[in-house]
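**Q**
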């Protein structure tokens, strides 16, 4: 929330609504330039036609009185310019490439002569952008098609752009973290001009078949005002359209254990089989007018997970267990030219997963789940060229997404409004030890629908290109949850445990805490996000462009302002008037410039500043809606095995001091201020280098703090109440980075990209519970996903005899982690080792403090050299051979290997962080070692 006077609010809203007609239509590009004669004099009223050479679709206009022209809302693809004027020879400029959100300048020189004669010239499409100060890069169709992509998930190739990672991604979402948005929820995803974000937690809603993706752009920072609700980066995707010729492919990829190498903690090579198959096809329905494209892909996997505790106390739990899964994706698209001024498209997409034993592995089988995640969307777009200077673009989307998760020993719950007794009784009690955790105690079901309408108007006047628009969504969401339904015991010391041996459970001693949440509850929260924006791309001179923008965000329903408190809820201590909440002054200015130093699109300097607000995740709001309707039990140092003194959990709740949670009165959309500066050099026609620096300062994400924490002893300040959690907008994050990218596009039989990132992230653990309410500074430290160095190098080369070799090399330094004492505070929150703070291990931790603490527990000192880290080193390689079958028919046969050199890349999330464990600093799981894959693809 930024301070803003009432007059400024009014004037800004007036500006934004003046043409009120967002977000995300910039999957389209533009072509601009001037027409002049051999002497350099401008030629007005020249007839100019832009033709898509694949679809035959064309657009026409005439040059202005100054000889200038601009084609707006141009689909990515290959184009030809046809230019003519009386008294001059006609000129065709071929091989013009427009990438997603691309800006291409193409001047045309006409030679005096007969108009019946035509001169053919090749256009020049530079790799560097001379009009936009946005920082990022496009992953092209050549890279998607030719590089080894693990699991064929195209988003994995976003890592070819510096400033990206996947360290913050959660299990069943294929996600990417970008720039200062190191959280899984801080980045935006757009497909075909509409949102592809699951609003409940902020991740990509659905995946798309690789064969249906044309290309995508990774915006690290400085994306324009038409984009909103993402304070990190943004990825914009264009799906494929059909052309005037039928073309497509059918493919099969196969893996099994005989071409894989076991992980470091697997004594045998576990069973593994994966079949990935599908097809895509596109072509004309009506030549030059109507085209279609469809793609289908299915993955069937039979794999296992390994439990390797490394301790004799838990040996009964060790072993290799089945973990089957499958995923199916489908997309279909039709593009149609209505008139010479109007076009439209319709696109449908679907994904459906079935997962099992998610979260199991290493030293945990706690809160693992089976799940099915159905998702689908339908999009309709209409573009209307009202005049050569005025274009309107309208989009509508309906989307459905659901997660249906439950314990592996029961049917998966599918209705968020009702759980069967069979599901509830199958939820297990959980046990957490320093080295091992157990218990299928998790079930959650959510259904989200999105109805989205957005519209933008672009208008060219002189040296200005104005754009204004709105983005409105209605998102009803329902969630039913039974997490920790039968309780969790936490112990500070390792003890013998076998869930199949009741004697070991009965013999457990000295738990430090017991927690439980009952009953099952279902909650509905609808939200309505609205965005308005205005932009001006001002061509101040032929070499200097200024980009201006202003966006306004408002999320209605995201502050629980719709809740009607019961009398008991209204009496909760410290609770505020929820009806007065909201964040309505979210004005996000964007300003930047681009300087084409020589005017030849060879050397470019750019800089920019912008404010970017983030989405408020719907699911995070549910705890307040459930106050006093659910009972959250938290007992420190409980009696074992009966924490309730002979009562049931429900009976205990009638006398138990309640735990509640609510938003702060100043709860607001978090935002980031981003500053960047960079330089690009087009070294030759096919080789460029980009260097950029970024500083991002994020504020007002929330942290959870207990207002009723005992300051001395065990007594809480407010008698009769247990934990009173406030979600306060006090989180902060600072991100500094240097990005370097060298890009050699495909020419002369090879291509390559080198991306390097030097970065630092420091924060106070946004969206987490404060570790020590009496000392908030203990949580300030390196970000959990902070890796100081990252290098990704990729390339492909066409070899003799129809062979193509390609590969991706990835090197990343380690993530930090915290050293926990094994003790919890009065709120059952794990505490750091005295003398340390958050995430100091693998950075600047004082091992003297760790070993001094271990000594008080009667444990030997730790040798830091025996610890493992989360450095990441991998090389993926593909060798392909093409066989020409007939005319346009080809067969590709290839083999590819992932992590070809078999490096043990330990998972940072699996490293034991409790210093009293014998496994402290050691990982229980890793990424896969060598994985081989054989494939065939028929192309026509």
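Residue numbers (mature numbering (1 follows the signal peptide of the UniProt record, and there is no 0)): -24 to -1, 1 to 916. Glycine residues also receive a C-beta, built at the ideal position from the N, C-alpha and C atoms.
Could you work out which residue in 912, 618, 681 is closest to residue 747 when comparing CA atoms only?
**A** Nearest of 912, 618, 681 to residue 747, Cα basis: 681.
**Q** Determine which residues share a DSSP beta bridge with residue 868 and list them.
**A** Partner(s): 858, 913.
**Q** So for residue 121, helix, strand or coil by DSSP?
**A** Helix, per DSSP.
**Q** Should residue 687 be listed as close to the ligand COA, given that the test is whether its C-beta is under 8 Å from any heavy atom?
**A** As presented, the structure is devoid of all ligands, the ligand COA included, so that no description of it is given.
**Q** Could you say if the region 448 to 465 and the region 565 to 579 meet the contact criterion of at least three C-beta pairs nearer than 8 Å?
**A** The region 448 to 465 is not in contact with the region 565 to 579.
**Q** In terms of residue numbering, what span does the alpha helix (DSSP H) encompassing residue 607 cover?
**A** No alpha helix (DSSP H) holds residue 607; the beta strand (DSSP E) holding it covers 607 to 612.
**Q** Does the beta-carbon of residue 207 have 16 or more other beta-carbons within 10 angstroms, so that it is buried, or is it exposed?
**A** It is buried - the Cβ of residue 207 has at least 16 other Cβ atoms within 10 Å.
**Q** Going residue by residue through the region 116 to 180, where are the continuous alpha helix (DSSP H) segments of at least 4 residues, counting only ones entirely within it?
**A** Here the runs fully enclosed are 117 to 122.
**Q** As a quick exercise: from 844, 856, 891, 909, pick the residue whose alpha carbon is nearest that of residue 240.
**A** Nearest of 844, 856, 891, 909 to residue 240, Cα basis: 844.
**Q** Three-state secondary structure (DSSP) at residue 99?
**A** Here residue 99 sits in coil by DSSP.
**Q** I need the straight-line Cα distance from residue 527 to residue 77, nearest angstrom please.
**A** Their Cα atoms are separated by approximately 19 Å.
**Q** Check the DSSP bridge columns for residue 709 and list the partner residues they point to.
**A** 674, 739.
**Q** Just to confirm my understanding: we take residue 910, look at its own chain, exclude 5 residues before and 5 after, and list those with CB closer than 6 Å. What are they?
**A** Excluding sequence neighbours, residue 910 sits near 230, 871.
**Q** Relative to the C-alpha of residue 800, which residue among 158, 491, 262 is closest?
**A** Per the Cα distances, 491.
**Q** Which value, in whole angstroms, describes the spacing of the CA atoms of residue 409 and residue 561?
**A** If I take the Cα positions, the gap works out to 47 Å.
**Q** Would you call the region 321 to 331 and the region 303 to 311 touching, i.e. three or more CB-CB distances under 8 Å?
**A** Because the criterion of three Cβ pairs below 8 Å is met, the region 321 to 331 and the region 303 to 311 touch.
**Q** Among residues of its own chain, excluding the 5 on either side of residue 93, which ones have a beta-carbon nearer than 6 Å to its beta-carbon?
**A** Closer than 6 Å at Cβ, skipping near neighbours: 65.
**Q** Can you tell me whether DSSP reads residue 897 as helix, strand or coil?
**A** Coil, per DSSP.
**Q** Kindly indicate which residue of 98, 822, 127 has the alpha-carbon position closest to the one of residue 908.
**A** Measuring from the Cα of residue 908, the nearest candidate turns out to be 127.
**Q** Considering only C-alpha positions, which residue in the set 899, 889, 757, 663 is nearest to residue 708?
**A** If we check each option's Cα against that of residue 708, 757 comes out closest.
**Q** I'd like the list of long-range same chain contacts for residue 754, defined as Cβ closer than 7 Å, with 5 residues on each side in sequence excluded.
**A** 747, 748, 808, 813, 814.
**Q** When DSSP labels each residue in this structure, what does residue 318 get in the three-state scheme?
**A** The answer is strand: DSSP assigns residue 318 an E or B state.
**Q** DSSP three-state label for residue 603, please.
**A** Residue 603 falls in the coil class under three-state DSSP.
**Q** Three or more C-beta pairs closer than 8 Å, one from the region 273 to 284 and one from the region 150 to 161: is that the case here?
**A** No, the region 273 to 284 does not touch the region 150 to 161.
**Q** For residue 627, collect the residues of the same chain with a Cβ closer than 8 Å to its Cβ; drop the 5 residues on either side in sequence, then sort them by chain order.
**A** Answer for residue 627: 620, listed in chain order.
**Q** Use the C-beta contact count for residue 516: other C-beta atoms within 10 angstroms, 16 or more gives buried, fewer gives exposed.
**A** By the 10 Å Cβ count, residue 516 comes out exposed.
**Q** Which value, in whole angstroms, describes the spacing of the CA atoms of residue 913 and residue 336?
**A** Whole-angstrom Cα-Cα distance: 34 Å.
**Q** Tell me the rounded alpha-carbon separation between residue 702 and residue 608.
**A** About 15 Å.
**Q** Hey, how far is the Cα of residue 600 from the Cα of residue 220?
**A** Approximately 56 Å between the Cα atoms of the pair.
**Q** Is residue 247 helix, strand or coil when you go by DSSP?
**A** Here residue 247 sits in coil by DSSP.
**Q** Report yes if the CB atom of residue 426 is closer than 9 Å to the CB atom of residue 377, and no otherwise.
**A** In this structure, residue 377 lies closer than 9 Å to residue 426 by Cβ.
**Q** Under 7 Å Cβ to Cβ from residue 6, same chain only, skipping five residues before and after it: list those, please.
**A** Correct list, in chain order: 46, 47, 48, 50, 79.
**Q** Would you mind stating whether residue 762 and residue 736 have Cβ atoms separated by less than 9 Å?
**A** Yes, Cβ-Cβ distance for residue 762 and residue 736 is below 9 Å.
**Q** Starting from residue 827, follow the alpha helix (DSSP H) in both directions and report where the run begins and ends.
**A** It spans 823 to 832 - the alpha helix (DSSP H) in which residue 827 sits, taken as one unbroken run.
**Q** Contact between the region 643 to 659 and the region 584 to 591: three or more CB pairs below 8 Å?
**A** Yes: at least three Cβ pairs fall under 8 Å.
**Q** Along the chain, where does the alpha helix (DSSP H) that runs through residue 399 open and close?
**A** Residues 397 to 402.
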